[in-house]
Each structure stands twice: as structure tokens, then as C-alpha cells.
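Right, one structure below, let's go through it.
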Amino acid sequence: MTPPPDTAATMMRPAPALRDSQANIDLLRVMDGISLKYLMLLATTVGFMLLAGGTWVYQVYKGLGIAGYAHPVFWGAYIVTFVFWVGIAHAGTLISAILYLFRAKWRNAINRSAEAMTVFAVLTAAQFLGIHVGRLWKSYFILPYPNQRGLWVNFKSPLLWDTFAIGTYATISIVFFAIGLIPDIAIARDRATGWRKVVYTVLACGWQGSSKQWKAHSRTTLHLSGLATPLVLSVHSVVSWDFAMSIVPGWHATIFGPYFVAGAIFSGFAMVLTVMIPVRRIYGLEAYITDYHLENMSRFLLLTSIIVGYAYLSEYFISWYSAVEFEQTHFWMRAFGPYWFSTWCMLGFNGILPQLLWFKQLRTNIWFLFILSIFINIGMWFERYVIIIEGLSFEHDPAAWGLYTPSWAEMAIVAGSFGFFGTLFLIFLKLFPVVAIAEVKELEIHQRSHEGGTH
Amino acid sequence: MAEFDRRDFLKLVGAGAGAAAATGCSDIPQKLIPYVVQPEEITPGLPVVYASTCQECQGGCGLHVTTREGRPIKLEGNPENPINQGALCARGQASLYRTYHPDRIQGPLRRGSNGELEPISWDDAIALLAEKVGTRGSQTHLLSGPLGPTLKGVVDDFVSASGAGTTRYEPFTQHALIDASRAVFGVEAAPRFDLTDADYILDFGSDFLEVGSSPVEHTRQFADSRDILRHPNGGATFVYVGPRMSMTASNADQWLAAKPGTEGLLALAIGRVALEKSGARGGGQAELKALLADFSAEKVAQQTGVTAQAIEQLGDDLAHSQRAVALPPGIGSSTRSAVATNAAVLILNSVLGAIGETVVYQSDRVGDGAAQSFDAVAKLSNSLQAGDVDVLLILGSNPVYSLPASLGFEEAMQKAFVVSFASEHDETSHSQHVDLILPDHAGMERWGDEAAVPGIHGVIQPTIRPLYNTRAAGDTLLDTARALKSDAVGPEDFQQRVRAQFGGSESDWREVLARGGVYEQVAAIPVQLSAQGIAGLDFAPPELSGDGAYVLLPNVSPLMYDGSGASIPVLQELPDPVTSIMWQSWVEISREMADSLELVVGDVVSIATPSGTIEVPAYPRGGIRSDVVAVATGQGHTVGLYASRDGKARGVNVMDALPAATDEAGGRAWLTTRAAIQKTGRSERMAQAQGSDNKRGRQLAETVSLSALAAAAHDSHDTQADGHGGGHGGASGSHEIRKAYDATDDSTEDSAYRWGMTIDLDRCSGCAACVAACYYENNIPTVGEEGAQRSRQMSWLRIERYVGDGTKEMLAGRHPGAKNTSHAYTDHEELGEVDIRHSPMLCQQCGAAPCEPVCPVYATYHTPEGLNAMIYNRCIGTRYCSNNCPYKVRRFNWFDYQIESWPEPTRLMLNPDVTVRGQGVMEKCTFCVQRIQSARQVAKDEGRPIADDEVQTACQQTCASQAIQFGNLKDDESKAVQEASKNPVRAYHALHVLNTRPAITYLAKVTRNETDSGAKPGGHH
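Below, the structure is given as C-alpha cells:
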């Protein structure tokens, strides 16, 4: 196995040298023209979105009972999918903030789309908080707003922390996304006509590319990265506390913070691969999003898979070692009980399958990566399914054990969440540059200056 | 409206509701109008309680009907009635619903020329009836249920005016016992069984705790006879004989799974052993010896499947008992030789000297209005078929449902002009062959009286104006009689006749109404064995028709009973006490049979007998003989909003597979046929309330052995005994001492109250009356079959049924996954073994409640008096509280049950003191906080603290065995504290290890069936 390249220049080695205008042309071309295939794809995602929207309206009217909840499993596919999307949302900030601070230059090719996915995934996830509650029309009670009744929220509740964590994360990722877009939007603005011109002019915030602006921009990015970095770790830790702070066997574990964060990054990277590999192929962006980028991401997958796999094993070890019968029963039921299928999906797809990435041939095999990323997405959805559903099914009082199966309504809304995410992403493709043009060009300049120096 | 403030609004609402109720309930009030003249007894906001009598069975329990603003909203037992003494069973609780049932017939109907029912006026209807009855040469027949004295008088007058014939029919009767009494003692009456202070109870399948002759009374007597403080040796020994472990059998110390129908032989063999040991304590030594000579233990062992050793042992134990009682078989196990079987049990009682002690004859003949035996109705059916009856009046019974199909009753109705007095739609009134419907008042609208039990003459008084255009059946009959013959009856109407029935002055009558009737002590009449009568009996194994491999046992459902319970949604949604199935039928089969046919729970099988075939999902269990299949009675209705599935049969009516068989004396025989069982390949999703019955040794439904109790009493100073032994399988001898809830260990230090409860599992029989009471007190909605299939029933209180202490072995025990995996189905029940623990589970009102910190909006919080309060208006429905509740007692409103569950006019019965919960909010047990508040108002007015006993929760109030004590834990003298501190060894907190500090202290059940080695027979350790 080759060691990873250590300079920006070598990192960019697989990419051919490009002229400035070529990058502009290549990357902005993605935004031009709307093909029939695009429209069909968009119609599909919008269709799913409307299906979910209609189901949701019906659910609000009729009651949550149209979902498959069965006593005592009072959280179901909605929370599973909520956690799934929050997890997906992790890759963007990780790539934008942490990798930025570590100066991992290979991130530049993917950070824009990853950030966009973050924003869209958080927006998707946030909806599930509303979909899941029994009284949507009263759900503003969860916000600590001053009111004449003197009612206040319960700061002891992990759900409240969750609300703040998601809110903060959504805010930061939207700001991060918008700030990062400014130089590229300015490029687009310069070429655009009609209504786009107006939109881009506003969003570009008067960007001229002066060195003063560049300096302010890079400082802002740096500071935002500093702010966002702890969020990457905290958001999913807080989400994990929804479970870890309870006393449900299988939920109540100290490992949950790092376990969930690793899982989130794992699933986030997998989703970036799932989305970017087709985009790269369709729009011919191989020069910008290179095999090398994909290989680096797959190394991340391997690392996080090992962490997640360790967490799975550690849970089993601790349940055995603790001699707590509630825990032991729970974990036995996990593997061999009625939800065994979900559990083995989780273990196989998240813990075992990604180990194939130890082989370089597979890391650089795009088809393999694409298929693997889909399996990981499925595996990570099942991970949350196993934790939540199985945890609630077999709790302390065996007389109150019960099984859950999702209903048609839940399946429609879960499918619709993918439709919502896809719709936003497809619109994003046509509205904003899918690769950060300015940063790619910045790298090129670096590279050329290095080449000039060595030769 | 500026001056119209909240107080005015509340005043108007309160007054308006009262006015609306008082001015008649048939109109929907359009305006809120205060009383102009307030009725003397009604203060809006305060309940008025009337005494009455329960009409669900012939047990004679008294009622206290709580009314608010003119509407009955809750039934409780009448404490003055000597039978139920304040308690009430689940069916009694649920009977309130009949008054408001959406299935009620709202006015007289006649079948028009087009074959459809059309409204008719009462005058025309009575004229029509009189014309039909009065037609020259017309033969009229009145088919009724058992009649109270007043109604019996009315019927007699009607008969004399019309020349009609009468038949009193009831599906479940005590006829075999009455006929056996005539044979053995020459007394034509059923004895009353008195379990008070009994020291040995041998039940041959009467299921006296659920469906016997007087379940509420017997439950109380049974619990008292085994009170562990009064009887440190464990009190009465209870042995159950029967092919299936019923709820009653679950409470036994020993269960003998005798072959079905051989109970009589077993009784005789046991009697023979006892006779040898202690002689005939009731006299007749020589005759008994001769009679029993043929029934040696060895011979009977072969016939019954009970070992000779067990028979000898039982006989020996009974010979040494002081006050034993043997109870005869119940309905389900009455065979074609039921009279002989019942006689055998009476003979055993005679050997034991129980006659006059625990088996008491208070009368030498059955009451006038009692049901007749089955052959009377079979005869009626034949004469209907023959066209000998021109006008058939049906009052208070549902023969189309409950008679065997082979009698062809419904088709025969075609030949007569059929008049139904039904108050709600059932199979009979809904039949195409009914020509005139003259709806009777329902439930709480009636006048009447009840005298089925000697010495008890209960009055039934109305507590609400009739909701619809109905008429007392008594008045209809009287008017018809007057129309037939003007001088036939006096001018009194039915109400005046009820009044006259009790006689006495006006103040006497007032007292009757206040007390709910007249109660007298009735002396036992002496009876003598009649050798001649006994000689006429043939004691033999039962004759069974058909050649299937299995005996079909129609076991009586404690909730549906003879089918009358099926129309009430709460009874449908109460889990069966054994299988926990709701809204459905099932057939209990043995594990062996399930293995051989490869059946799991829910797999539909067909049960074919010579009389018919029914298809019903299987429920394999260990607690049934492998040659028996059991189907509960009462389901399979095709008419009714709740009784049927939209007009199709809900479950199966086991009577469809039973022949019209009779016993020696013409009573109906039930255990009569063999059945062939076949797998159909279909499967049904069962609505089961209970998840697993394997407790896995967790701190729930605990038991303590007698020896552990004795050991703890021995070293009672050693309060910190270590070890974890006793009932839950530990090896060490001494039992862990756990304290009752310590009220100081809570956030309620500033309050004078910390509400808590003590539940004695040793007294709990598992009957679920408390659950029914909770439903009505707290406006708990029902969710229907589909909801129940997802266990969404809203019950705040459930009865958990665990089999033994459980095992940690993963595959053992019924758990919800068993069906979805390849794991073989298994439960913990073993043939002939009893270690069933019933444990009421409700909100534990924890001192450190896991539900409270997780709610983001403080919708559930801790009150200063230690309650976990739910604020419905604040709840947004995150359901996190339920996830974090280890007891799983929280229930969620998945749909708008407040609308769906209460169709008009049932919302009139809602308790106005309890909020009706809307869609999307969580709810749970409140410890009847509304009752605490009512008591607080009175106490506050009188400037004193709330006294112990002043607050009774609904569950506590209705419990026949007084297993539940509620009170202030900060008051050391309160019963709840006293119960716990008097039983320190038995006290425990559910899931104590979680440190939730529950306000409910459970007292472990006492296991009395230890063998000499100290281990329970067949324990799982």
C-alpha cells in the first residue's frame, strides 16, 4: 500500500494542468442546460417528496396511528431516519472544517457538494422532528420563548439539547455553505443573465476578488471552521444522548458519543460517494474529482468502519462483562431475536464489508466504491433501526415486550425524505457550482508555483 | 361579552350540563340554561349515588350507581349488600355501558309489508300485539330469561290474560347441580358454597373465581381464607381438577389435569379414601361405604389419568381438614352425565361433613323466576317448528345466538309472529323473522327487583330518564294484558308493582331504595342423603360424540360469559386472563399438538365435530391436556357495533360446533363431543396484550415460599438479612428484607402527603375487575381490534401474568419474536403445575421517575404530593417518557380516540372530573387524582387533613379480594403503610434495581405448594 502523498503538489498529481478559464468553463457548465434526463430525475424526487408530503398531511389529520407504532415501541422509522440524516450531515462539516484546519487539500474537490449535502441532510432531518411528534401544532412548545403563562422548557431533557444541537448545526452549516459560495457565485454572476444575474448579485455580496476581500474571506472561513469543528463532534454526540441518557437497555451506554460520531462520519462519507460518483460521471468532472479523491475518502470509510465495528464489539463485550441481565438479553435478542436481519445487515455492511478497502485495487475501483457506499448507507440505516427499535422492543418488563413493523405511511415518508434530499441536491446542481472553483484554482496556482520552483 | 369572565363561563357550563341532563337526555342542548328550579338532590358538580342491583348474572351483587347531573357515570359495588360487599367484577363494572350502547333500539319497530323494519307508535304496537295474541285459537308463547319477582308476577298476569305458555331460558344454568341435589338430598335447589374460613378447597372445575355461582363473593372469601397474617401456615389449601389451567386454576396450589368429564369418578375415589380415614363426618357411613366401594383409587386412576397416589394423598389431606369444600364442575365441563358428576361432588362434600357448613342449602326449591332446564327450550323449539306457536314473545334472552344451531330455532321463528323486547340489537332481534320489536329500557333506566339468592331481595332503580322511546317490558306486557281483557290486571304500572313487591311504609321503601334491597340471614335447612336418589345415578366416564382425536372443551369466558359481554367494547378490550387475547377467538391447544401439527400462535385450524366446523386461530400452551382443545364461549356474534366485525362474525361461536346434547335430567350438556383438528395454512395476527410470560428472574411478580416466610419470622430481628432467596429461586434460606416506600426519600418533604399504594399479590386472583373499573372511572378509550393487534390498548392498569420465576435461557418463554423466527414456540406452563403470578402493573408514581427528566416541555412532572402528573395540554407527543418508563405503563393517543371511541350517546357516560384526552398526547395512571381532589375539598372545608380511607382509587374500590390499599405514605397508620410494614419479608418494589423509588410496594405472592425438599414441584431452577 502506498503511503499518502504529503504535499499539496503531489496530492494534485493525478490532475492534469488546467487553464483558469477551463476550470470556469468545466465547472459552470454543470449549471447550464436542463436535459430531459435531469427533468425525469427531478420529477421522480419531487414525486416522492409530494407522496411524503401528502402522507404527512394525512397523518397530522388522522393521527400518528397510521404509522406502525406498537406498544412499547413508541419511536420508529421516523426517528431512525432522523438519526440517519443527521449522520449524513456530518461529512460536509467534517470536510469543510476539520479537514480545512488540517490543510488536507484533497478536500477541495468535494467540499462544496459535501457542504450542500450537509445543509440538505440537516433540513431533511429537522423535518422528522415535526413528523414524529404527536401534536405538530403544539411543537413550538419545545422552544424556550417568553410567554405570559410563565412556561419554560426542561433543560434536563436530551430532546431539548437535541433541538438546540440541530438548530445550531443547521445555522452554522448554512452560513458556512453561503460564505464558501461567495467567490464562486461571483464568477457565476459575471457570466449570468436574466433572473440568475439578480440572484447571484445578491448572494455574491459585492464580491470583486480584491485581496482585501480574499483576506477577509479566508479569515472568516478559518474562524467558522474553528466554530464548526466542535459541532461535528457535538451534534451527533447530543443526538446519541437522546438514547444514552435514557435507561433503556442497549441505549444507556457511555460509548454512544464517539460511537455515533464515527458512525455519522462513516455514513456521511458513504453518502458523499453515493452522490458524487454519478455526478462526476454524468458531468465529466473526473479532472476535478479524481480517483485519488475517492480513494482518500474510502480510507476515511475504512477508518470509521473500524471505529464503528469496534463499538459494535465493545457493546457486546460490555453487556457480557457487566453481567446485567437486561443488557445481556437485549444483545442476545439483537443478534438472534426477531430483528436479527437488521442486526446482521448492520454488522455485515458497516463492520465487515468495508474491510475490503484494505485493498488498493478496490479503493480505486469506482464501481466497487459506489456499490459499497450504497451498502453502507443501508447498513447505517439499519444500525439506527437496530438500536432504536430493538432497544424499545425488549425492555425491563417482559410482559410489555412487543414488536414493531413500519407501516406504509412510514415507508412513504422515509422514501419521501430521500426525494426531498434529492430534489434539493438536483436544484443545487443547477444553481451553484458543484465544485469550489476558487479553491480548485487556488490549488492550481500553488501547484504551478511549486512546479516552477522545482524545475 | 367583556363582562363574561371565566368564572361565569364555568358556572354556566356546569349549570347548563345539569339542566340538559335533568330536562331529558333525548335532545341535544342548544343553549346553556341554568336551573330555574334546581332539583332537590342535584348540585351541579357533585355526584349523587343510588343503590341498585347488578343484572349481568344471577349472582345478586348490589350496585352503587354514581350519577352526575342526572347521568350514571360509574358503577361500584354496594357495601351493604352481603354478597359483594362493595366489590364488583369486570362484567358488573362494564354493564354501565348498556344504557348508552350505540346498538340500542330507539323505538318500537314493526316489519312492514316490504320486509323492512319501520317505526310504529307504542299504542299501535300494543294494539297489534294484543290483536295477534287475542286472535281466537292463537297460541302465544313467552320465552324469557330468568325473571325477578315483579316481572314474574307481570308475566303470570299476562299468561292468565292471554293463555300463553312460558319458558325461562338461560344459556348457563346450575341445573345439573340442582338435579344432583334432588337426587342426593331430595332438595330441588342449588346449594350456596361458603368458602369463609375454609381450610381445604377442592374445585372440580367450577372456576369459582371467575365464572362460578358467585365470583365476587368467592374471591373475597378465598383471599380471606388464605390471608397470610391470619393463617401463618398458608391458610386454605386449594386443589384444582380440570383439563385446562383456567384463571382460577392459576391460583391453585395444585392442579390435577384429570381427563375431561371424569371429575365425578375422581370425587368418588377421593371420597372413598377420606371415608376410610375419617369416616362419614356428615353421617350415612354405611350407605356411603357401600356406594363408594366400587371406586378404588387404582381403578379411578386409570379412568381419570390422575395417579392413585395423588388420589390417596388428596383423600388423606381432606380427611385431616377441618372445614373443607368440594366445588362441582362448571358449565364448560358439564357432560351428558353432569348430574351424576355433580352428585358425586355433593357426596364427597357429605363425606367431608361439609353439608351445612361450607355447602349450604338455604331453600328446598329454586326461585319462581329461575331459568328452566334446557329441554324446556328444546321443546319450545320443536313446537315452533311444528307450527304450534303462533305468537312468540322473546324477552331478555338471545336464543338465536346461544342455542345450538342444530335446534334450528331461527328457521323455526319464521312460522310464528315473533315479538322481541330487546333493548339493543342482537342476533335474535336482528333476525329477519322478527315481526315486531318493543324495546325494553336498558340497564340504568329500569325498575325491577332481583331475588335469585335466598335472603337477598335487591331492588333495581332507574338512575337516568330513558334515552329513547323505549318502554319497560313489564308495562308493555301489562298494557297488552289490559287490551286483551280489561279486568285482567290491576291499575298499577310496573314501577308501582316493584314498590308493592317490597311492601311496607313509605319510609321502609325509602330505606329499601337507600340500601339497595332487603337483606336477611337465611338459616341452612338440614338435608339428608337419599340412598334411593343416589341409586338412580350412573357414575361412568362421559359419553362423547364424534371420533376426532381431541375433546372439545367450551370453557366459559369470564369476560364474554354466555355472549352477553361481547357487545361491550371494554370487555372486548380487556385481555383474557389466561391468554391475554383481546377482540378475538382462539383455541387453546397443547404444545404436543402444536409440535405435531407445526402450529404457532395465530395459525388458523379447523375444528370439526359432528355438529359443525369452526375455524379459529390456535394458541398453544403448556397448561392444557394434550387430548383437549378449548375454545372460550361468547364470541362469534354477527350483529353489533362491537360484538361483530361490521356484521360479520367476530371470532367464532363455539356453540356452532356443539350438539344440542342434554344431561340425564334434561339440562344442557356442553362437554359432549370430540373434534378433529386440521391446519388450514392461514394465519391471523393475534391481538395479545402480554409480550413474554418469562420473567427472566427480574424483580416483578415475586413469590416467597412459606418456609422462607417462617424462617424470616423466626429471625425477625435480623432485618438486614442478606441473600436473595425465597421464592425466586435463590439457594440461601433467608429472604431479602425490603422496606416499603420511604416517603422521606423524595422531593415531597414540604407536603403532608405522599400518595402510595400497597398491592398484595397473594390476594390478587388476576380477574381484571380493577382494569374495568379504571376504564370507566378515567374515561379510557378503547382502540378496537386493529389497535389491539399493535398492543395500543389504552389501559392504565394491566394484569401481568408470569409463569414461574422465569429462566434466563433465551429461547424459553413466550416472547413476541417466537413467531417470526425459527425458534420453536414454548411457554413455561407445564401440565399439572401451577406457578402463575398475577401482578397488576400501573404507574408506580416513582420518587425518582425516569419519565420526568426526559420530557422537553415539562408535560410530565412531580407534584408536591409525589404524583407523576401528566399535563395533557402541554404534551407535544415526543413519547420519550414512555420509552424511558421501565414499567411501560404510559399510553399514547395514536388517533383521536376521544371522538372515535365514544360514539353518541356514549359520551354521556364520561366522568366529568377526568379530562378526555385528545389526539397525540400521552396518558397514564393518575392514582385517581380526581378522587384525591374531591376528598381534599371536603377535608379543606372541615379544616382537617384527608383521612385514611377517604380516598379510594377505582381499582382498589372494586377489588373483591382487597389486594390494593391506597393511602398517604407519610401517615404511618395508613393502611397502605401498615399492609407493607406488617409484611416486611414480602414487600418489594418492582424492578427495585433501577432505583426508581416507586410509590407502589408489592407484597410477594406466597407459594404454598412446596414439597418436602423445599423446592417447588417442577420449578425451573
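Protein chains in written order, with my numbering: chain Y, 169 to 623; chain U, 220 to 1240.
By construction, the Cβ of each residue, glycine as well, lies at the ideal position given by its N, Cα and C atoms.
Checklist entry - Quick one: which chain U residues come within Cβ less than 9 Å of residue 498 of chain Y? => result The sequence position of residue 498 of chain Y within the first sequence is 330, counting from 1. What residue 498 of chain Y touches in chain U: nothing, since even the nearest Cβ is about 11 Å away.
Item to check | Cβ-Cβ separation, residue 648 of chain U to residue 660 of chain U (assumed contact under 8 Å), whole Å | outcome: For the purposes of this step, residue 660 of chain U is identified with residue 441 of the second sequence, where counting begins at 1. For the purposes of this step, residue 648 of chain U is identified with residue 429 of the second sequence, where counting begins at 1. In this structure residue 660 of chain U does not touch residue 648 of chain U by the C-beta definition: roughly 15 Å separates them, more than the 8 Å allowed.
Checklist entry - At a cut of 8 Å, does the stretch 479-488 of chain Y reach the stretch 423-433 of chain Y through at least three beta carbon pairs? => result Touching, yes, given that three or more Cβ pairs across the two stretches are closer than 8 Å.
Checklist entry - Contact check, residue 1078 of chain U vs residue 1094 of chain U under 8 Å by CB: the rounded distance? => result Here residue 1078 of chain U is taken as the residue at index 859 of the second sequence, counted from 1. Here residue 1094 of chain U is taken as the residue at index 875 of the second sequence, counted from 1. Right, their Cβ atoms sit about 4 Å apart.
Checklist entry - At least one CB of chain U closer than 8 Å to the CB of residue 568 of chain Y: is that the case? => result The residue you call residue 568 of chain Y lines up with position 400 of the first sequence. Residue-level contact by beta carbon holds for residue 568 of chain Y and chain U, with a gap shorter than 8 Å.
Next on the checklist: If the cut-off is 7 Å on Cβ atoms, which residues from the stretch 231-257 of chain Y count as contacting chain U, listed in chain order?
Outcome noted: If the cut-off is 7 Å between Cβ atoms, the stretch 231-257 of chain Y has 231, 232, 233, 237, 238, 239, 240, 242 and 243 near chain U.
Checklist entry - Can a CB atom of chain U be found closer than 8 Å to the CB of residue 454 of chain Y? => result Numbered from 1 along the first sequence, position 286 holds the residue referred to as residue 454 of chain Y. It does not; no Cβ of chain U falls within 8 Å.
Checklist entry - What are the residues that DSSP puts in a beta bridge with residue 643 of chain U? => result Translated into positions along the second sequence, residue 643 of chain U becomes position 424. Listed as beta-bridge partners of residue 643 of chain U by DSSP are U:323.
Item to check | Chain-ordered neighbours of residue 415 of chain Y on chain U, where CB pairs are closer than 8 Å | outcome: Indexing the first sequence from 1 puts residue 415 of chain Y at position 247. The answer, in chain order, is 1069, 1103, 1105 and 1213.
Next on the checklist: I want to verify the contact list: residues of chain U whose CB lies under 9 Å from the CB of residue 301 of chain Y, in sequence order.
Outcome noted: Position 133 of the first sequence, counting from 1, holds the residue named residue 301 of chain Y. Per Cβ cutoff of 9 Å: 1095, 1096, 1097, 1098 and 1139.
Checklist entry - Do you know how far the Cα of residue 837 of chain U is from the Cα of residue 457 of chain U? => result In the second sequence, the residue the question calls residue 457 of chain U occupies position 238. In the second sequence, the residue the question calls residue 837 of chain U occupies position 618. Spanning the alpha carbons of residue 457 of chain U and residue 837 of chain U requires a straight line of approximately 30 Å.
Next on the checklist: I need the straight-line Cα distance from residue 622 of chain Y to residue 548 of chain Y, nearest angstrom please.
Outcome noted: As a position in the first sequence, residue 622 of chain Y is number 454, starting the count at 1. As a position in the first sequence, residue 548 of chain Y is number 380, starting the count at 1. Because the pLDDT at residue 622 of chain Y is just 45, under 50, the model does not fix this residue reliably, and the point stays unresolved.
Item to check | Contact set between residue 913 of chain U and chain Y, taken where Cβ atoms lie within less than 7 Å | outcome: The residue given as residue 913 of chain U occupies position 694 in the second sequence. Scanning chain Y for C-beta atoms nearer than 7 Å to the C-beta of residue 913 of chain U yields 566, reported in chain order.
Checklist entry - Does the stretch 553-570 of chain Y come within contact of the stretch 528-542 of chain Y, defined as at least 3 CB pairs closer than 8 Å? => result No, the stretch 553-570 of chain Y is not in contact with the stretch 528-542 of chain Y.
Checklist entry - Comparing the C-beta of residue 910 of chain U with each C-beta of chain A, is any distance below 8 Å? => result Absent from the structure is chain A; the protein chains it does hold are Y and U.
Checklist entry - Would you say residue 309 of chain Y reaches chain U, if we count a Cβ-Cβ gap shorter than 8 Å as a contact? => result The sequence position of residue 309 of chain Y within the first sequence is 141, counting from 1. Closer than 8 Å to the CB of residue 309 of chain Y there is at least one CB belonging to chain U.
Item to check | Close-in-space but distant-in-sequence residues of the same chain around residue 416 of chain U (CB under 7 Å, 5 per side omitted) | outcome: Along the second sequence, read from residue 1 onward, the residue named residue 416 of chain U stands at position 197. The residues 444 and 542, in chain order, have a CB closer than 7 Å to that of residue 416 of chain U in the same chain once the five nearest residues on each side in sequence are set aside.
Item to check | Contacts that residue 315 of chain Y makes with chain U (C-beta to C-beta distance below 9 Å) | outcome: Sequence index remark: in the first sequence, residue 315 of chain Y carries index 147 (1-based). The premise fails here: residue 315 of chain Y is roughly 12 Å from chain U at the closest Cβ pair, so nothing lies under 9 Å.
Next on the checklist: Any beta carbon from chain U within less than 8 Å of residue 326 of chain Y's own beta carbon?
Outcome noted: Here the question's residue 326 of chain Y lines up with position 158 in the first sequence. Judged by the 8 Å Cβ criterion, residue 326 of chain Y is in contact with chain U.
Next on the checklist: I need the straight-line Cα distance from residue 544 of chain U to residue 668 of chain U, nearest angstrom please.
Outcome noted: Walking along the second sequence from the start, residue 544 of chain U turns up at place 325. Walking along the second sequence from the start, residue 668 of chain U turns up at place 449. Going by the C-alpha atoms only, they are around 31 Å apart.
Item to check | Under the three-state DSSP convention, the category residue 924 of chain U falls into | outcome: Counting from one through the second sequence, the residue named residue 924 of chain U turns up at place 705. Strand.
Checklist entry - Quick one: what does DSSP say residue 933 of chain U is sitting in, helix, strand or coil? => result Along the second sequence, one-based indexing puts residue 933 of chain U at 714. Reduced to three states, the DSSP call for residue 933 of chain U is helix.
Next on the checklist: Going by DSSP in three states, residue 1259 of chain U sits in which element: helix, strand or coil?
Outcome noted: Within the shown structure, residues of chain U are numbered from 220 to 1240, placing residue 1259 of chain U beyond reach of any answer.
Checklist entry - What residue range is occupied by the uninterrupted alpha helix (DSSP H) comprising residue 766 of chain U? => result Working through the second sequence from its first residue, we reach residue 766 of chain U at position 547. No alpha helix (DSSP H) contains residue 766 of chain U, which DSSP labels as neither H nor E.
Checklist entry - Where do the N-terminal and C-terminal ends of the alpha helix (DSSP H) with residue 856 of chain U fall, by residue? => result As a position in the second sequence, residue 856 of chain U is number 637, starting the count at 1. DSSP places residue 856 of chain U outside any alpha helix (DSSP H), giving it a letter other than H or E.
Next on the checklist: Once the 5 residues before and after residue 580 of chain Y are set aside, which same chain residues still bring their CB inside 7 Å of it?
Outcome noted: Along the first sequence, read from residue 1 onward, the residue named residue 580 of chain Y stands at position 412. Spatial neighbours of residue 580 of chain Y in its own chain (CB-CB distance under 7 Å, excluding positions within 5 residues in sequence) are listed in chain order as 219, 220 and 223.
Checklist entry - Considering only the beta carbon of each residue, do residue 472 of chain U and residue 1228 of chain U sit closer than 8 Å? => result Taking the second sequence and counting its residues from 1, one reaches residue 472 of chain U at position 253. Taking the second sequence and counting its residues from 1, one reaches residue 1228 of chain U at position 1009. Yes, the pair counts as a contact, with Cβ atoms nearer than the cut-off.
Item to check | Alpha-carbon to alpha-carbon, residue 570 of chain U and residue 1170 of chain U | outcome: In the second sequence, counting from the first residue as 1, residue 1170 of chain U sits at position 951. In the second sequence, counting from the first residue as 1, residue 570 of chain U sits at position 351. When rounded, the distance between both Cα atoms is 47 Å.
Next on the checklist: Taking 8 Å as the threshold (C-beta atoms), are residue 914 of chain U and residue 240 of chain Y in contact?
Outcome noted: Along the first sequence, one-based indexing puts residue 240 of chain Y at 72. Along the second sequence, one-based indexing puts residue 914 of chain U at 695. Result no, Cβ atoms of residue 240 of chain Y and residue 914 of chain U do not sit closer than 8 Å.
Item to check | Among U:978, U:887, U:990 and U:848, nearest to residue 590 of chain U - alpha-carbon criterion | outcome: Against the second sequence, residue 590 of chain U aligns to sequence position 371. Minimum Cα distance to residue 590 of chain U is reached at U:887.
Next on the checklist: Helix, strand or coil for residue 1208 of chain U? Go by DSSP, reduced to three states.
Outcome noted: For the purposes of this step, residue 1208 of chain U is taken as residue 989 along the second sequence, with counting starting at 1. Note: residue 1208 of chain U maps to coil in three-state DSSP.
Next on the checklist: Can you pull out the residues from the stretch 525-545 of chain Y whose beta carbon lies closer than 8 Å to at least one beta carbon of chain U?
Outcome noted: Here the close residues number zero.
Item to check | Within 8 Å, strictly: CB atoms of residue 1000 of chain U and residue 1116 of chain U | outcome: Residue mapping note: residue 1000 of chain U aligns to position 781 of the second sequence, counting from 1. Residue mapping note: residue 1116 of chain U aligns to position 897 of the second sequence, counting from 1. Yes, the pair counts as a contact, with Cβ atoms nearer than the cut-off.
Next on the checklist: Please list, in chain order, the chain U residues whose beta carbon lies closer than 8 Å to that of residue 321 of chain Y.
Outcome noted: As a working note, residue 321 of chain Y is residue 153 in the first sequence. Per Cβ cutoff of 8 Å: 1075, 1076 and 1077.
Checklist entry - Who are the neighbours of residue 563 of chain Y on chain U, taking C-beta pairs under 8 Å? => result As a first step, residue 563 of chain Y is located in the first sequence; it is residue number 395 there, counting from the start. Under the 8 Å cutoff, chain U gives 1105 and 1107.
Item to check | Span separating the alpha-carbon of residue 809 of chain U from that of residue 841 of chain U | outcome: The residue you call residue 809 of chain U lines up with position 590 of the second sequence. The residue you call residue 841 of chain U lines up with position 622 of the second sequence. Taking the straight line from one Cα to the other gives about 6 Å.
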